[in-house]
Each structure stands twice: as structure tokens, then as C-alpha cells.
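Taken in sequence, the protein lines are chains A and B.
Following my numbering, the numbering of the first sequence begins with 1 at its first residue and continues without gaps.
Following my numbering, the numbering of the second sequence begins with 1 at its first residue and continues without gaps.
Protein chains: 2
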Amino acid sequence: MPRPEPDTDTAATPGAAEVLALLDHARELTNPVLRTVVDRLVPPMDTVAAYHFGWIDAQGSPTDGDSGKAVRPLLSLLAAEAAGASPETGVPGAVAVELVHNFSLLHDDLMDGDEQRRHRDTVWKVHGPAQAILVGDALFALACELLLELDTPEAARAARRLNTATRRLIDGQAQDISYEHRESVSVAECLEMEGNKTGALLACACSIGAVLAGAGDEAADGLERFGLHLGLAFQAVDDVLGIWGEPAVTGKQTWSDLRQRKKSLPVCAALAAGGPASAELAKTLAADAKRADDRNTDAKSDFDEEEFAARAALIEEAGGRRWTQEEAQRQHESALASLDGVKMPDDIRERFVALADFVVVRRH
Amino acid sequence: MPRPEPDTDTAATPGAAEVLALLDHARELTNPVLRTVVDRLVPPMDTVAAYHFGWIDAQGSPTDGDSGKAVRPLLSLLAAEAAGASPETGVPGAVAVELVHNFSLLHDDLMDGDEQRRHRDTVWKVHGPAQAILVGDALFALACELLLELDTPEAARAARRLNTATRRLIDGQAQDISYEHRESVSVAECLEMEGNKTGALLACACSIGAVLAGAGDEAADGLERFGLHLGLAFQAVDDVLGIWGEPAVTGKQTWSDLRQRKKSLPVCAALAAGGPASAELAKTLAADAKRADDRNTDAKSDFDEEEFAARAALIEEAGGRRWTQEEAQRQHESALASLDGVKMPDDIRERFVALADFVVVRRH
Numbered sequence: 001m002p003r004p005e006p007d008t009d010t011a012a013t014p015g016a017a018e019v020l021a022l023l024d025h026a027r028e029l030t031n032p033v034l035r036t037v038v039d040r041l042v043p044p045m046d047t048v049a050a051y052h053f054g055w056i057d058a059q060g061s062p063t064d065g066d067s068g069k070a071v072r073p074l075l076s077l078l079a080a081e082a083a084g085a086s087p088e089t090g091v092p093g094a095v096a097v098e099l100v101h102n103f104s105l106l107h108d109d110l111m112d113g114d115e116q117r118r119h120r121d122t123v124w125k126v127h128g129p130a131q132a133i134l135v136g137d138a139l140f141a142l143a144c145e146l147l148l149e150l151d152t153p154e155a156a157r158a159a160r161r162l163n164t165a166t167r168r169l170i171d172g173q174a175q176d177i178s179y180e181h182r183e184s185v186s187v188a189e190c191l192e193m194e195g196n197k198t199g200a201l202l203a204c205a206c207s208i209g210a211v212l213a214g215a216g217d218e219a220a221d222g223l224e225r226f227g228l229h230l231g232l233a234f235q236a237v238d239d240v241l242g243i244w245g246e247p248a249v250t251g252k253q254t255w256s257d258l259r260q261r262k263k264s265l266p267v268c269a270a271l272a273a274g275g276p277a278s279a280e281l282a283k284t285l286a287a288d289a290k291r292a293d294d295r296n297t298d299a300k301s302d303f304d305e306e307e308f309a310a311r312a313a314l315i316e317e318a319g320g321r322r323w324t325q326e327e328a329q330r331q332h333e334s335a336l337a338s339l340d341g342v343k344m345p346d347d348i349r350e351r352f353v354a355l356a357d358f359v360v361v362r363r364h
Numbered sequence: 001m002p003r004p005e006p007d008t009d010t011a012a013t014p015g016a017a018e019v020l021a022l023l024d025h026a027r028e029l030t031n032p033v034l035r036t037v038v039d040r041l042v043p044p045m046d047t048v049a050a051y052h053f054g055w056i057d058a059q060g061s062p063t064d065g066d067s068g069k070a071v072r073p074l075l076s077l078l079a080a081e082a083a084g085a086s087p088e089t090g091v092p093g094a095v096a097v098e099l100v101h102n103f104s105l106l107h108d109d110l111m112d113g114d115e116q117r118r119h120r121d122t123v124w125k126v127h128g129p130a131q132a133i134l135v136g137d138a139l140f141a142l143a144c145e146l147l148l149e150l151d152t153p154e155a156a157r158a159a160r161r162l163n164t165a166t167r168r169l170i171d172g173q174a175q176d177i178s179y180e181h182r183e184s185v186s187v188a189e190c191l192e193m194e195g196n197k198t199g200a201l202l203a204c205a206c207s208i209g210a211v212l213a214g215a216g217d218e219a220a221d222g223l224e225r226f227g228l229h230l231g232l233a234f235q236a237v238d239d240v241l242g243i244w245g246e247p248a249v250t251g252k253q254t255w256s257d258l259r260q261r262k263k264s265l266p267v268c269a270a271l272a273a274g275g276p277a278s279a280e281l282a283k284t285l286a287a288d289a290k291r292a293d294d295r296n297t298d299a300k301s302d303f304d305e306e307e308f309a310a311r312a313a314l315i316e317e318a319g320g321r322r323w324t325q326e327e328a329q330r331q332h333e334s335a336l337a338s339l340d341g342v343k344m345p346d347d348i349r350e351r352f353v354a355l356a357d358f359v360v361v362r363r364h
């Protein structure tokens, strides 16, 4: 069922300009701590991490590079405020979540063979695979360190939730990779994988600030449900961009997910849809899998642009693109419904809602 | 100054047979928990981890393979007893340390390009680099999970100490890799690297059981000092085996460390020694470094066996082998001196001493 287009600002909800200002503020609060923590690394890991975060270029010169949109940090700060504390209370959680997120980017880019991230060469491409592994490991360890050195029961609970999210994130990456080698993946399997790979850490971002502020498990779990659905909505949008996104916008190659045989939502939904285009797609993917087996390679496909375009057209014709866009809306609605179940000041709730609209709706 | 050969059993110290029995008992207490925790991983990570630990072969059939000597687990159990608790109290710490140790093996083998470990093909060689990265990440996360889910202040302190050790372990690997590209490394730099890479986690194994048993920071720090020196002694022995060890015994290639241009203690000590063999070695390593630069490769050297044998002979002639053997004895003595500063029941102290003798002296 189609829902009203939530892109229209209401009187109660902050608009895009206000969300951008909130994101800027979140970056201002968290980035200095992030830089200080990363500075703890011994050379050359400090330099490699600074390159990854976009603070320096490949030659080591400082840049004005940003390190992402600060959506996760803002969620953590809002969570602290939702629990009645200052946004500053959520900062260690925000930084820890960013560290885990970037640990996963460093390792995933290497495992997936991705050469570009945020319009720049990836770390393994510039500094080699060993540094990508090492610095990823170090960022994960730093995340736990930052929380545990607070030495409070709240911080220990926060560390436990972050760790659970990290385990799910790793599970999700394992599932994502194993799906690449399969001819077919069900929509349910794909949603489980995306809930792990993207949803769990976003969920943790939504609860960790509240946990640090002393919120109970019920409130924290409610915030995590909001974050999980938000993450699934975000990923559905991302899955559409992963096939049909413009490289200039996404910072990735054209047909990025198809090149890697990702069984993302549009592919799984198209395979499940039935009909001639769905059958044709299934035949094509089966032939791909056989071809890969024959060559005993899990490297990227060596098709040309036109073959990728033909696959993308099949997925669209079978309804995979539309289903995924609708799924983004469904997950967005579930996120808002979950938020309704958590008590918090009205102004903080409105910011959560505005941020959810911003990351899901405005990227369509 | 030479010290009396500590290989001679005294009446007070358990002999090798008793140490082997203690190690068996530690394995019996910890392995079931380790297996249960590893079973939490989603496929195919559970299988890959089971292969790594030696529980199944590359085809997935169960083996009677052991998963190492259980020195770290035994240290953790003894630490719990040193603090007046049952050995069982130390089990989660023992398992967590083992998980971190194996996380580092999985990643280091990949970074170093090592194809053999414990007389078997390494995980990246059998299951590919992506699985080695992923399963390593998962074991690290499981280690934190196991401690934090105990949900006690003692477990949070234990997790913090383990995390600090893990950060140092990663620092050590970063230093080890960066030294490979240098012509010369001082003995002090090498000891710092080995203290991080090997000492920190062994130190943590010596304290974590006591921390879980409620020991204070002073006792835990004392046990960590013992473990750090023990780790340095162990590594010095290992460095000798890394050059002159028999492949049938070590499970690695001949001249293993030389193939990777490791600046291990015998090399650093030989370079620092002065004299004709030392100068000749320095010239050789400078030529190696130039050759590697010219080819822009950090892959393994492509020398033949005789060239490695010649390098090993130079290191020995310059005194690097003897100095490292003496350093193992010095660190062993420092370990025992550190142990003297920690209060504990006499029978537990004797077991620590016997285990230290076992891992350092008997491997000479």
C-alpha cells in the first residue's frame, strides 16, 4: 500500500537545512575525540587511518575531506538526549560506533576488492592489504577501549551492545560473501543479511547514547528497533543506488553491486517475482555461477558495460527495483512506529523523525 | 652472567610430566567452552574456525588435532587460583585470551603470507583471504562478548585488560611489518616490538584469571610483569627457532624468519655486535633492501637455500644466536623475580615456575 510521500515538511518536523545543521554539530562534537583516539595508533597505522578518514591525502598532506555524513554520530547524541542527558554524554558512544563502522569498511573493501570509497582510492589500494587488515583491527580495538576506559557500569553495558552489533555485522558480511557464490537467495535471507550487515550497527548507534546516559534495557531495545528498521530502509535505498546509482554521486563504479555478483534486494526480489524477466534473470545468474565455477575464480566478473546494463534492465523489468523502493518505504514506516513506543522529549523525537526522513526519503 | 641451568628439577618444582598433566587439564577445562563459543558463528565461519583450531581437516572431517599447547589457558587458570578462586573462575578469561591469540594468528598469517601453521596449510591458503579476515574479526569479537556477557564489574575490568593487550598486539604486528622494510633495527626497538606482539597477550593471560577472581590492580600488574618477561623469553627462544629450527619441529619452512626479512632478535643483536661478520651482514641486508626497492615488492625473498644458510651463518658468527639465547635466560630470570613480588599460595607459585621453565628452558 502506498503511503503519503513523507518528503513534505510539516510544521512539527525540522527540514533538511536543520538536519544538515544538526549533522554539522554532531561532527563538531565527535570529530575531535575521534582524531585524538586515532592518534593513539603507532606509525604507520596513524597515517593510514588518517588517510581512510579523509583527513590527509595519499601523499600525507592535510585535506578538507569530510569523513562521511555523521548520521550515526548524530543518532548517538540524540539517543543521549532522548534519555534526558546532554548530547556530550553520547560522544564516546558516537565515536565508538564510527570506529566500528570504519573497521568494517576497511576490511569489507579489501574482501570485496572495492577500489573506490567516497570518491577516493581505498586503503588496501593505496597502502596495501596488510595495512587495511591491521588498521581495521586497530579501529575495532580502539572502539572497545574508548568505552571500557570510562570504567562505569553504563559503559560496560554500552560496550556489550556495541560488541553484539559488531558480531552481527561480521555475520552479515559472511552471509553477503556466501550469497555471491549462490545462484539464488530468498528475499528473507537477503533481509536477514542486511539486518546484520547494516541494521545492527545503526541500531546500536540509536541506543548507545541512551545506554551511556543510564537508560534501561526497554528504552534501549525500543531505540534499537527504530534503528534496525531505519538501517534496513537505508540499505534498500543503497541497494537501488548500488545498481542504478550514478558513479559521480555514489563514489563507486557503475553497476557496482552487479560486478560483485551481490544478491542485493533488487536481485532477490526480481528472482522471487516470477514472470518472463524473472525467469530470464535466473537463467543468466545460473550461467554466471557455472562460468565462475568453471574458472574456479571468485574475482569480479569480466563482463562489459552492456552486459551489466542488460542485467539491470532485467531486474527492473521483473519488478526488483520498484519492490526495493517500496520496501524502503515500509521499513521507514516501521522505524517511525517503533519510535512511537519509546518515551522521549518531543523536540528530540522530531529530530529523530527528521533525520530518518533525511537519510531514507531524500536519497530516493 | 650465566645462571645455573634451570632445567634441573628441584624437589619443590613440578617436573615436565606434571606440567604436561596440568596443560592437559587446562585444555579439558577450556576446550569445551571454546568449542561452544566458536559454534555461535554463522556458516561458513564456524567451519573455517574449526579448521583453524585443528578440529576438522580441509575436507571437513573431524580430526584428533590439538589446538596448541594450552600454555595461555593454563596461565589464566593458575592466575585465578593465585587469587584464591577455583581454576573454573579463570575459564572465560582463558578462552577469551585463546580467541584473541587465534584472531592474531589468522590475520598475521595472511599479512605475512605464511602458508603453514602447526604443520597444516593456513586458513587463507585453504579457505581464501576473505575468510581469514572475517573469522579473525569474529574471534576477536567473540572474546569481548564472552567476557562482557558475564555482566560483572570484574569481567568488565578483564575485558579492558584484554583489550589493552590486543591493542599492543596489533601495534607489535605493525612494528614487525614496518621493520621488514628497514635495513637495520636496534635491539631496543626489537624488544619493544616483541613485548607488544608476544609479551602483552601472555601478560594478560597471567592476570585475567586473577582479575575475574576479584584480585586488585597491584596483584594483576605484578602477574602481568611476570607474563611480559615470560613472553619475551618465549619469543627469544622462538626467534632462534625461526632461523635455526627444524621444519619438522616448528611446522614452518626452513629459515622462516629470514625469508620474510624479519628483524628478529638474532638479526638485531648481530647488527649491533660490531666486528667483521656484523659488518658483512649489514652490507647484505642493505643490498637486500635496495633490491626489494628496485623491484618495488614486499613479497618474500626469492633467494635459494644456500643464500639463507649463508645469512644464518653470518648472524651466528656475529654472535646473534648466542646473545638471543642469553636474552631468553635473562628474561626468564626477570619473570621469576616478578613472580616473587606477587602473593599467592606456594603450590600455585611452584606451578607458575614449572610452567615458565617448561616453555622457556625445555625449548632451547
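Ideal placement from N, C-alpha and C gives every residue a C-beta, glycine not left out.
Residue-level contact to chain A via CB, residue i, 7 angstroms cutoff
| i | result |
| --- | --- |
| B/His332 | no |
| B/Asp137 | yes |
| B/Ala156 | yes |
| B/Val38 | no |
| B/His107 | yes |
| B/Ala159 | yes |
| B/Met111 | yes |
Given residue i as reference, the closest of the options once Cα atoms are compared
| i | options | result |
| --- | --- | --- |
| B/Asp239 | B/Ala203, B/Leu281, B/Ala318 and B/Cys190 | B/Cys190 |
| B/Ala273 | B/Glu316, B/Asp114, B/Gly195 and B/Pro43 | B/Glu316 |
| A/Met45 | A/Ala83, A/Val249 and A/His127 | A/His127 |
| A/Cys268 | A/Asp171, A/Glu327 and A/Leu75 | A/Glu327 |
| A/His332 | A/Gly319, A/Lys69 and A/Phe358 | A/Phe358 |
| A/Gly93 | A/Glu115, A/Glu149 and A/Glu280 | A/Glu149 |
Any C-beta of chain B under 7 angstroms from that of residue i
| i | result |
| --- | --- |
| A/Ile208 | no |
| A/Asn102 | no |
| A/Cys144 | yes |
| A/Ile348 | no |
| A/Thr324 | no |
| A/Leu148 | yes |
| A/Ala130 | yes |
| A/Leu99 | no |
| A/Leu20 | no |
| A/Ile56 | no |
| A/Thr47 | no |
Straight-line gap, residue i to residue j (C-alpha atoms, nearest Å)
| i | j | result |
| --- | --- | --- |
| A/Arg118 | B/Gly214 | 47 angstroms |
| B/Leu355 | A/Gly195 | 47 angstroms |
| B/Arg157 | B/Gly231 | 22 angstroms |
| A/Asp57 | A/Tyr51 | 6 angstroms |
| B/Thr198 | B/Gly242 | 14 angstroms |
| A/Glu145 | A/Ala26 | 21 angstroms |
| A/Leu314 | A/Lys290 | 19 angstroms |
| A/Leu339 | B/Asp108 | 44 angstroms |
| B/Phe303 | B/Leu142 | 41 angstroms |
| B/Thr47 | B/Ile133 | 14 angstroms |
| B/Trp255 | A/Ala85 | 59 angstroms |
| A/Leu285 | A/Ala138 | 38 angstroms |
Burial state of residue i (16 or more Cβ within 10 Å)
| i | result |
| --- | --- |
| A/Leu41 | buried |
| B/Ala203 | buried |
| B/Leu20 | exposed |
| A/Val249 | exposed |
| B/Thr324 | buried |
| A/Lys283 | exposed |
| B/Ala318 | buried |
| B/Pro32 | exposed |
| B/Asp114 | buried |
| B/Glu98 | buried |
| B/Glu218 | exposed |
Which of helix, strand or coil DSSP assigns to residue i
| i | result |
| --- | --- |
| A/Gln116 | strand |
| B/Pro43 | coil |
| B/Phe358 | helix |
| A/Asp151 | coil |
| B/Asp171 | helix |
| B/Pro62 | strand |
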